[in-house]
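Report on the structure given below.
Number of protein chains: 2
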Amino acid sequence: MLSWIMEFDRMNSAGYLVNNMARLLVEVLRKRIAPLGIVPGQFPALLALWEKDGLTQKELLAMLDIEQATLANTLTRMERDGLIARKEHPADARARTIHLTEKGRSIRESAYQTAMQINEEVLADLSVEETRAFLGYMRRVIGRIKEVEHGS
Amino acid sequence: MLSWIMEFDRMNSAGYLVNNMARLLVEVLRKRIAPLGIVPGQFPALLALWEKDGLTQKELLAMLDIEQATLANTLTRMERDGLIARKEHPADARARTIHLTEKGRSIRESAYQTAMQINEEVLADLSVEETRAFLGYMRRVIGRIKEVEHGS
DNA sequence: TACTATTACATAGTTAGCTATGCAATGTTA
DNA sequence: TAACATTGCATAGCTAACTATGTAATAGTA
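Chains Y and C supply the protein sequences, listed in that same order.
First residue of the first sequence? That's 9 in my numbering, and the numbers climb one at a time after it.
First residue of the second sequence? That's 9 in my numbering, and the numbers climb one at a time after it.
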């Protein structure tokens with residue numbers, strides 16, 4: 009019943025630790041990319057659009073790990089923030105193609121560097137070997153969760 | 009420029025991986041605890057209240073890793089859901105003490121077991137040694153992020 | 001004792017995730 | 001070709017995190 013018992017408990021729960029780590033990381037990212045005029049939720053979409061511009065929402069969605077409705081809302085905010093523009097699709101009136109604006113294109117390098125820098129800083133206490141193992145564990149656990157999710 | 013290059017990239021970003029893992033885990037937890045009438049955000053507060061009931065919001069806050077406003081909103085939803093009741097503090101009219109209802113108390117064991125079960129399942133592919141290392145890495149990285157956050 | 005500062009908590013407004021559902025355009029088929 | 005099914009995207013409504021700010025009540029002090 010001493011308080012360190014609970015502390016111990018949380019510190020040994022993968023669920024607690026990963027949640028805590030994710031929240032801390034996203035706040036670090038938020039602060040560092042604020043000067044670029046973007047927020048963390050826009051990062052994955054930007055990464056994809058920097059790779060290939062002019063995609064439809066559906067094509068973009070296939071490159072990301074979020075739900076369609078989440079992407080639709082994120083794109084609306086990105087349009088509001090002047091990062092992208094949506095044009096009518098030449099062949100399908102339901103669809104719209106998504107294009108980076110000059111602003112969206114221009115921040116590519118700094119955004120990319122910022123993200124790399126954060127990854128580097130937060131992993132600074134781990135050796136190269138430990139980092140490799142850590143990332144590997146996360147990939148394995150993610151794979152396992154996806155199995156668990158759909159009844160393995 | 010081939011698509012596996014981007015894939016490779018994301019799969020080697022600690023930030024991406026931890027965010028993805030956290031989201032997947034919270035959705036598994038959400039599904040599993042839904043029958044108990046609780047949601048993931050209520051879990052940390054419940055764990056703390058099961059340890060010690062009748063705390064003030066401030067005392068509860070000190071046991072958790074969220075902001076005060078987040079807790080206040082979570083407590084409001086917990087009250088709405090019949091998990092807790094708030095009573096006037098005997099000595100301080102600003103404060104209120106937080107008490108588990110019978111419902112809040114009764115789900116303790118099943119909630120605890122569910123969380124333990126999920127942790128076990130998602131770590132099933134890792135050996136005892138690997139699990140120990142994985143949790144250790146997360147604790148070290150979390151410590152590092154907290155340093156990074158406040159300068160240093 | 002009357003100001004002033006601090007404290008405890010609540011509220012407002014934003015991001016970002018989710019599911020469920022709506023709607024218009026396109027495709028399919030009887 | 002008219003009816004129905006599917007598709008692409010948007011919207012509604014929820015949780016849960018954040019910061020900033022408001023509002024009483026309490027505490028401290030000139």
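Beta carbons: idealized from backbone N, C-alpha and C, even for Gly.
Computed from a prediction, not measured in an experiment: that's the story for all the values here.
Three-state secondary structure (DSSP) of L63/Y
Within the first sequence, the letter at position 55 stands for residue 63/Y. Of the three classes helix, strand and coil, the one that applies to L63/Y here is strand, per DSSP.
F16/C to L25/C, Cα distance in whole Å?
Residue numbering aside, residue 16/C sits at position 8 when the second sequence is read from its first letter. Residue numbering aside, residue 25/C sits at position 17 when the second sequence is read from its first letter. Residue placement at F16/C is flagged as unreliable, the pLDDT there being 38, under the threshold of 50; the coordinate-derived value follows with that caveat. The alpha-carbon atoms of F16/C and L25/C are separated by roughly 12 Å.
For L143/Y, which residues of its own chain have a beta-carbon under 6 Å away from its beta-carbon, when the five flanking residues on both sides are left out?
The count along the first sequence starts at 1 and reaches residue 143/Y at position 135. Cβ within range, chain order: n/a, list empty.
Tell me whether V136/Y is buried or exposed, calling it buried when 16 or more other Cβ atoms sit within 10 Å of its Cβ.
Residue mapping note: residue 136/Y aligns to position 128 of the first sequence, counting from 1. Exposed, because fewer than 16 other Cβ atoms sit within 10 Å of the Cβ of V136/Y.
4 or more residues per run - each alpha helix (DSSP H) lying fully within the stretch 82 to 141 of chain C
110 to 114, 116 to 130
Rounded to whole angstroms, what is the Cα-Cα separation between I74/C and T82/C?
Taking the second sequence and counting its residues from 1, the one referred to as residue 74/C is at position 66. Taking the second sequence and counting its residues from 1, the one referred to as residue 82/C is at position 74. Using only the alpha carbons, I get a separation of about 10 Å.
Quick one, which of M71/Y, P48/Y, R152/Y has its alpha-carbon nearest E128/C's?
To locate residue 128/C, count along the second sequence from 1; it is residue 120. If we check each option's Cα against that of E128/C, R152/Y comes out closest.
How many Å lie between V149/C and A80/C at the Cα?
Taking the first residue of the second sequence as 1, we reach residue 149/C at position 141. Taking the first residue of the second sequence as 1, we reach residue 80/C at position 72. Looking at the two C-alpha atoms, the distance is approximately 28 Å.
Compare the C-beta of R102/C against all C-beta atoms of chain Y and say whether one is closer than 8 Å.
Numbered from 1 along the second sequence, position 94 holds the residue referred to as residue 102/C. No, R102/C does not count as interfacial toward chain Y.
Using only CA atoms, which one of R38/C, G112/C, A103/C lies nearest to A56/C?
Taking the first residue of the second sequence as 1, we reach residue 56/C at position 48. If we check each option's Cα against that of A56/C, G112/C comes out closest.
Whose Cβ in chain C lies nearer than 7 Å to the Cβ of R152/Y?
What you label residue 152/Y is simply residue 144 of the first sequence in a count that begins at 1. Within 7 Å Cβ-Cβ: V130, A132, D133.
Residues that I126/C contacts on chain Y, provided the C-beta gap is smaller than 7 Å:
Looking up residue 126/C in the second sequence gives position 118. The contacting residues are G23.
Does DSSP classify V34/Y as helix, strand or coil?
Locating residue 34/Y in the first sequence gives position 26, where the first residue counts as 1. The DSSP-derived three-state label of V34/Y is helix.
What does the alpha-carbon distance come out to for the pair D133/Y and R88/C?
Within the first sequence, numbered from 1, the residue matching residue 133/Y stands at position 125. Within the second sequence, numbered from 1, the residue matching residue 88/C stands at position 80. Taking the straight line joining both Cα atoms gives about 44 Å.
Leaving aside the five residues before and after L63/Y along the sequence, list all residues of the same chain whose C-beta is less than 6 Å from its C-beta, in chain order.
Taking the first sequence and counting its residues from 1, the one referred to as residue 63/Y is at position 55. Cβ within range, chain order: I106.
Tell whether a beta-carbon distance below 8 Å holds between I115/Y and L37/Y.
As a working mapping, residue 115/Y is identified with position 107 in the first sequence. As a working mapping, residue 37/Y is identified with position 29 in the first sequence. No; because the gap between Cβ atoms is not below 8 Å, this pair is not in contact.
Mind listing the chain Y neighbours of D61/C? Cutoff is C-beta to C-beta under 8 Å, in chain order.
Numbered from 1 along the second sequence, position 53 holds the residue referred to as residue 61/C. Those within 8 Å of D61/C in chain Y number zero; the least Cβ separation is about 12 Å.
Does chain Y have any CB closer than 8 Å to the CB of N81/C?
Numbered from its first residue, the second sequence carries residue 81/C at position 73. Output row for N81/C: interface = no.
Which residue wins for smallest C-alpha separation from I103/C, given the options G90/C, Y120/C, P48/C, Q65/C?
The residue given as residue 103/C occupies position 95 in the second sequence. Correcting the residue identity first, residue 103/C is Ala in this sequence and not Ile. Comparing Cα-Cα distances from A103/C to each of G90/C, Y120/C, P48/C, Q65/C, the minimum goes to Q65/C.
is_contact[M86/C, chain Y] using C-beta, thresh 8 Å
As a position in the second sequence, residue 86/C is number 78, starting the count at 1. Cβ-Cβ to chain Y under 8 Å: no for M86/C.
Spatial distance of R40/C from I46/Y (CA atoms)
Here the question's residue 40/C lines up with position 32 in the second sequence. Here the question's residue 46/Y lines up with position 38 in the first sequence. Roughly 35 Å between the two C-alpha positions.
Give the interface partners of L37/C over in chain Y, defined as CB-CB distance under 9 Å, in chain order.
As a working note, residue 37/C is residue 29 in the second sequence. Listed along chain Y, the residues sitting closer than 9 Å to L37/C by beta-carbon distance are G23.
Rounded to whole angstroms, what's the CA-CA distance from E138/C to R147/Y? Just pull it up for me.
Translated into positions along the second sequence, residue 138/C becomes position 130. Translated into positions along the first sequence, residue 147/Y becomes position 139. Between E138/C and R147/Y, the C-alpha separation is close to 13 Å.
Member of E59/Y, R85/Y, L72/Y, R18/Y whose CA lies at the smallest distance from the CA of R28/C
Looking up residue 28/C in the second sequence gives position 20. Before going on, a small fix: residue 28/C reads as Asn here, not Arg. Here the closest residue by C-alpha is L72/Y.
Chain C beta carbons: is any one of them nearer than 8 Å to that of R113/Y?
What you label residue 113/Y is simply residue 105 of the first sequence in a count that begins at 1. Closer than 8 Å: no.
Cα separation between Q50/C and I126/C?
Indexing the second sequence from 1 puts residue 50/C at position 42. Indexing the second sequence from 1 puts residue 126/C at position 118. Here the C-alpha atom of Q50/C lies approximately 17 Å from the C-alpha atom of I126/C.
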